[in-house]
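Below: the structure, in structure tokens.
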Amino acid sequence: MTDMTPKERVFGTLKNLLKITDSGTSLDAERARIKLALERCISWECQFRNIDDTDCAQRKAS
Numbered sequence: 003m004t005d006m007t008p009k010e011r012v013f014g015t016l017k018n019l020l021k022i023t024d025s026g027t028s029l030d031a032e033r034a035r036i037k038l039a040l041e042r043c044i045s046w047e048c049q050f051r052n053i054d055d056t057d058c059a060q061r062k063a064s
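Numbering of the sequence shown is given in the numbering used here, commencing with residue 3 and proceeding in unit increments.
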């Protein structure tokens, strides 16, 4: 992956997900890809929000 900011990664991923939904491809066939993309967006939350790492660790544990 290129050197993108967390904001660029999140919104880039969301744009790609929108393309998938607009493409006419079966969303059932793309379920795993969509799920992975959403999980990645969520994993970037701490970087995107710029919150304390300990808070992020606690969120991931719950």
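We put the CB at the ideal spot given by N, CA and C, even for glycine. All values reported here derive from a predicted model rather than from experimental measurement.
Expressed to the nearest angstrom, what Euclidean distance is found between the alpha-carbon atoms of R11 and I22?
By one-based count along the sequence shown, residue 11 stands at place 9. By one-based count along the sequence shown, residue 22 stands at place 20. So the alpha carbons of these two residues sit roughly 17 Å apart.
What do you reckon, are the CB atoms on R35 and T15 nearer than 8 Å?
Start at 1 with the first residue of the sequence shown, and residue 35 comes out as number 33. Start at 1 with the first residue of the sequence shown, and residue 15 comes out as number 13. No, the pair does not count as a contact, with Cβ atoms beyond the cut-off.
Would you say I22 reaches chain C, if we count a Cβ-Cβ gap shorter than 8 Å as a contact?
No chain C appears in the structure shown, which is made up of a single protein chain.
DSSP-derived helix/strand/coil call for T23:
By one-based count along the sequence shown, residue 23 stands at place 21. Residue state, collapsed to three classes: helix.
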